[in-house]
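One structure is given below, encoded as structure tokens.
There are 6 protein chains.
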Amino acid sequence: MSTVNLIEYEDASPAVRAVYDDIRATRKTDNINNFWKALAHSPAQLERTWQQIKAVMAPGALDPLTKELLYIAVSVANGCEYCIHSHTAAARSKGMTDEQYAELLAVVGMAHQTNGLVTALQVEVDDMFKVR
Amino acid sequence: MSTVNLIEYEDASPAVRAVYDDIRATRKTDNINNFWKALAHSPAQLERTWQQIKAVMAPGALDPLTKELLYIAVSVANGCEYCIHSHTAAARSKGMTDEQYAELLAVVGMAHQTNGLVTALQVEVDDMFKVR
Amino acid sequence: MSTVNLIEYEDASPAVRAVYDDIRATRKTDNINNFWKALAHSPAQLERTWQQIKAVMAPGALDPLTKELLYIAVSVANGCEYCIHSHTAAARSKGMTDEQYAELLAVVGMAHQTNGLVTALQVEVDDMFKVR
Amino acid sequence: MSTVNLIEYEDASPAVRAVYDDIRATRKTDNINNFWKALAHSPAQLERTWQQIKAVMAPGALDPLTKELLYIAVSVANGCEYCIHSHTAAARSKGMTDEQYAELLAVVGMAHQTNGLVTALQVEVDDMFKVR
Amino acid sequence: MSTVNLIEYEDASPAVRAVYDDIRATRKTDNINNFWKALAHSPAQLERTWQQIKAVMAPGALDPLTKELLYIAVSVANGCEYCIHSHTAAARSKGMTDEQYAELLAVVGMAHQTNGLVTALQVEVDDMFKVR
Amino acid sequence: MSTVNLIEYEDASPAVRAVYDDIRATRKTDNINNFWKALAHSPAQLERTWQQIKAVMAPGALDPLTKELLYIAVSVANGCEYCIHSHTAAARSKGMTDEQYAELLAVVGMAHQTNGLVTALQVEVDDMFKVR
């Protein structure tokens, strides 16, 4: 249960509907995810967040699937259940194979382990890693 | 400053030297990073961690650069300074361009933001994301 | 489901009832939240935690609503679902408006984003920020 | 040491200089913090982040000092050293008194403690906290 | 709901069944926890994780109950609901008393509080704590 | 560098000196750690925190060394550098052996790894773990 009610298309203001329409057109789906329906209580926040995510997740020097994998990795470390589910689904819809998912999990698990070990040991950064 | 002294090759036991030698051969470098020198107080932990990381970071369904990018993303979310520096350096040595790094940062920043918003709003997972 | 059973007023020891009574009197409600009922397995921990929270959340140099907003912000970053719900409800009962809540969300989202960016970039603290 | 070199005004492109100029004008200072100088490797990210922070931190339903206190609280929970220093300095420059800072610390410490206790006990959300 | 279907013994490959059999023999139970059934999509990851946990959690310089308490403490700080429940149950089955659990909670709560305070204050490490 | 100046014994108020004196007597040392000197700007917070930590870390159902190990584990997961150093030093002074430290590190690393895997997979809690 969210801390606010979800705003459906039928009940939305014109400013919110405009964002919902752009989400639908960009993603080629009629569905609007709960995240946007919760954010819509602040049309400015909804608009700002959607515009950013549209720009950031577009194809560029990194391909859209790689960006989804990175999004999953961050969401796991931050413990965001909703984000893990939505971006795992998005990665699958963008072609993530079972083998890729298994390797993603392996890297995520490994990184958590060495993050923990390094932090416990408070290892100092090697000079060779430093930017000149 | 680390919580233990670093064990240099000259002072290492044969079991530790064997791992150091494998790191050098696998990575085609004479350098042994501080992380391994700190872990070496427990040869079993050193061996176990190195064998895992060698297996997990090898080319597979995901390429080695993508794995480094994922490692950076997790390390940032966990706030591990050493890991951020070492894997950013590793990503660069594996060909990460400035444009790719900029997009990595954009995705990481965006994911942190929406992780925070979703968590604050406690948005419920959409049915469509659920695995059947 | 919690890891312990909840201790209801009827089943509580006199030491626990005394804390429950003080919570009811201080908060002007008959309700005892699940948190206290779970903590009550250790009357000392219950007493210590309640006394602290009563002292810390009382009006002072910061007003009670500002303190609730801060509590929400920390709870979001720590991913504590229960705490997010209970302190969002408390903030509303202390007068938080929808506009204030929207701005709280915006600051929380923004802080998460720049926290992620700064940590990824490992930016050094400017001299001007340092306390003399 | 950051993972990238800092871009000074003298070496910046016109797009970056335009943001630097707006930061200086908005904040009424000649100083550009290291965060912006590190972000400037991606003029688009620099521009997007600055425009957001300018909008989010402006006076509104919450006053600018309250927003800085919230920023500190999130940054502490995320362990972002740079952000803690920069926003503590910003809060002081916006009038945070020693008494307010002491109470901020008390709330932050208390929230961390109860976040930990609630999470350990996995307390279920009370029905009364739920949004209808 | 997990992001993958759980693999039951009946549907498992011989490699996965071999790990399930070893879990059952080692733990003297017929039950296989959901974690292993989810991991089993990658037999290599399942095998690697199980072998590690078997080695790490075995009696040694620290007794098995102390190791479970440590596992709970880490899982709480990382906000892993499943891990908190499974390791709290494991600790109880290894003899954790109510008094020990109450003290574990007290230390966990205290550590979270002082972690938050120290991080907010950015206290510098005392020279006396440094390893020579 | 901390966000506040450290308050030395010579410059402390009588209320602060009383706490410093109790720390010295309890710990049988002349040294006052930086944490207390930073907290001392709020004598009430100093007093409250010290009284709690004295109560919580005293011998009880868990021995003082186990409590220090738990404190390290939480501090690692929260990324608190100061806390990691101070409690690792405290554990050593209370008799932690190199073998115990190595096993602590192994459990901490393992817990971080499985926390990450479980969170990524969003594994549901087994019925058998649930408290009746």
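Residue numbers (numbering that gives the first Met the number 0), protein chains in the order written: chain A, 0 to 131; chain B, 0 to 131; chain C, 0 to 131; chain D, 0 to 131; chain E, 0 to 131; chain F, 0 to 131. Note that CB positions come from ideal geometry on N, CA and C, so glycine has one too. Model, not experiment: these values are computed from the prediction.
Within 7 Å (strictly less), CB to CB, does residue i reach chain C?
i, result
"Thr48(F)", "no"
"Ala101(E)", "yes"
"Gly78(A)", "yes"
In chain B, which residues lie with their C-beta within 9 Å of the C-beta of residue i?
i, result
"Gln51(E)", "Arg47 and Gln51"
Under 9 Å Cβ-Cβ, which residues of chain A neighbour residue i?
i, result
"Leu104(C)", "Leu38, His40, Ser41 and Gln44"
Kindly list, in the order they appear in chain F, the residues whose Cβ is closer than 8 Å to that of residue i.
i, result
"Val15(C)", "Per Cβ cutoff of 8 Å: no residues; Val15(C) is ~18 Å from chain F at best."
"Ala89(A)", "Those do not exist, as Ala89(A) stays about 15 Å from chain F at its closest Cβ, beyond 8 Å."
Quick check on residue i: buried or exposed, where buried means 16 or more other Cβ atoms within 10 Å of its Cβ?
i, result
"Gly94(F)", "exposed"
"Val130(D)", "exposed"
"Glu102(F)", "buried"
"Ser92(F)", "exposed"
"Glu67(D)", "buried"
"Asn114(B)", "buried"
"Lys53(F)", "exposed"
"Ser50(C)", "Before going on, a small fix: residue 50(C) reads as Gln here, not Ser. So Gln50(C) counts as exposed."
"Tyr42(B)", "One point to set straight first is that residue 42(B) is Pro, not Tyr, in the sequence displayed. It counts as buried."
"Ala72(B)", "buried"
"Asn4(B)", "exposed"
"Ser12(F)", "exposed"
"Lys36(E)", "buried"
"Thr87(D)", "buried"
"Asn30(F)", "exposed"
"Met109(C)", "buried"
"Ala14(C)", "exposed"
"Thr96(C)", "exposed"
Within the 7 Å Cβ cut-off, does residue i reach chain D?
i, result
"His111(E)", "yes"
"Lys66(A)", "no"
"Ala119(E)", "yes"
Please list, in chain order, the chain C residues whose beta carbon lies closer than 7 Å to that of residue i.
i, result
"Ala97(E)", "Per the sequence shown, the amino acid found at residue 97(E) is Asp instead of Ala. Those within 7 Å of Asp97(E) in chain C are His40."
Name the chain B residues whose beta carbon is nearer than 8 Å to that of residue i?
i, result
"Glu123(A)", "Met0, Ser1, Asn33 and Tyr81"
"Ala60(A)", "Thr96, Glu98, Gln99, Ala101 and Glu102"
Report the CB separation of residue i from residue j in whole angstroms; it is logged as a contact under 8 Å.
i, j, result
"Glu98(B)", "Gln121(C)", "The pair is not a contact, with the Cβ atoms about 20 Å apart (cut-off 8 Å)."
"Ala39(B)", "Ile6(B)", "4 Å"
"Asn33(D)", "Glu123(C)", "6 Å"
"Val55(B)", "Val106(A)", "6 Å"
"Asp119(C)", "Leu64(B)", "It is worth fixing the name first, because residue 119(C) is Ala in this sequence and not Asp. The pair is not a contact, with the Cβ atoms about 17 Å apart (cut-off 8 Å)."
Does any residue of chain A have a CB that is nearer than 7 Å to the CB of residue i?
i, result
"Ser92(B)", "no"
"Leu116(F)", "yes"
What does residue i reach in chain F if we use C-beta pairs closer than 9 Å?
i, result
"His84(D)", "Met0 and Thr2"
Can you list the residues of chain E that residue i reaches, using a CB-CB cut of under 8 Å?
i, result
"Tyr8(F)", "None at all; the shortest Cβ gap to chain E is about 15 Å."
Taking residue i as the query, report the chain F residues whose CB atoms sit under 7 Å from its CB, ordered along the chain.
i, result
"Val18(E)", "What Val18(E) touches in chain F: nothing, since even the nearest Cβ is about 15 Å away."
Is there a Cβ of chain E sitting closer than 7 Å to that of residue i, yes or no?
i, result
"Val130(B)", "yes"
With a threshold of 7 Å between beta carbons, is residue i in contact with chain I?
i, result
"Val75(A)", "Absent from the structure: chain I. Protein chains present are A, B, C, D, E and F."
Taking only beta-carbon positions, decide if residue i is within less than 7 Å of chain F.
i, result
"Ala11(E)", "no"
"Ala57(E)", "no"
Run through chain A and tell me which residues come within less than 7 Å of residue i, C-beta to C-beta.
i, result
"Ala72(B)", "Leu69, Ala72 and Val73"
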